[in-house]
Structures are given as structure tokens and as C-alpha cells.
Amino acid sequence: MVAAVLRLADEIGPDRLSTTDVARAIGLSQPAIFRCRM
């Protein structure tokens, strides 16, 4: 997940990055990323 966040922030900009973008990038639903334990 961290790698996806960093990659997406670089690609689309940290100000435009959303949890939905991250969820799509890692193949989870948007609510599921909040249940992940890191």
C-alpha cells in the first residue's frame, strides 16, 4: 500500500491523491483500505 501511495503521489500529485485511487491501485475496495493493519 505504501508503495502504491508513493507511486500515485508522484504520478498524479499528492494534492489530487484519494483513498479511492489507492484502493483501485492495490485491488481493494475503498472501505477495505481502512481495515488494513500495517
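Numbering-wise, the sequence shown is residues 1 to 38 according to full-length UniProt numbering. Note that the Cβ used here is the ideal one computed from N, Cα and C, for glycine as well. Please read all numbers here as calculations on a predicted model, not as lab measurements.
Assigned secondary structure, residue i (DSSP; H/G/I helix, E/B strand, else coil)
{"i": "Pro14", "result": "coil"}
{"i": "Leu6", "result": "helix"}
Assigned exposure category for residue i - 16 Cβ within 10 Å defines buried
{"i": "Val22", "result": "buried"}
C-alpha distance - residue i paired with residue j, whole-angstrom precision
{"i": "residue 81", "j": "Leu6", "result": "Missing from the structure shown is residue 81; the chain here goes from 1 to 38 and no further."}
{"i": "Ile26", "j": "Ala9", "result": "14 angstroms"}
{"i": "Pro31", "j": "Glu11", "result": "23 angstroms"}
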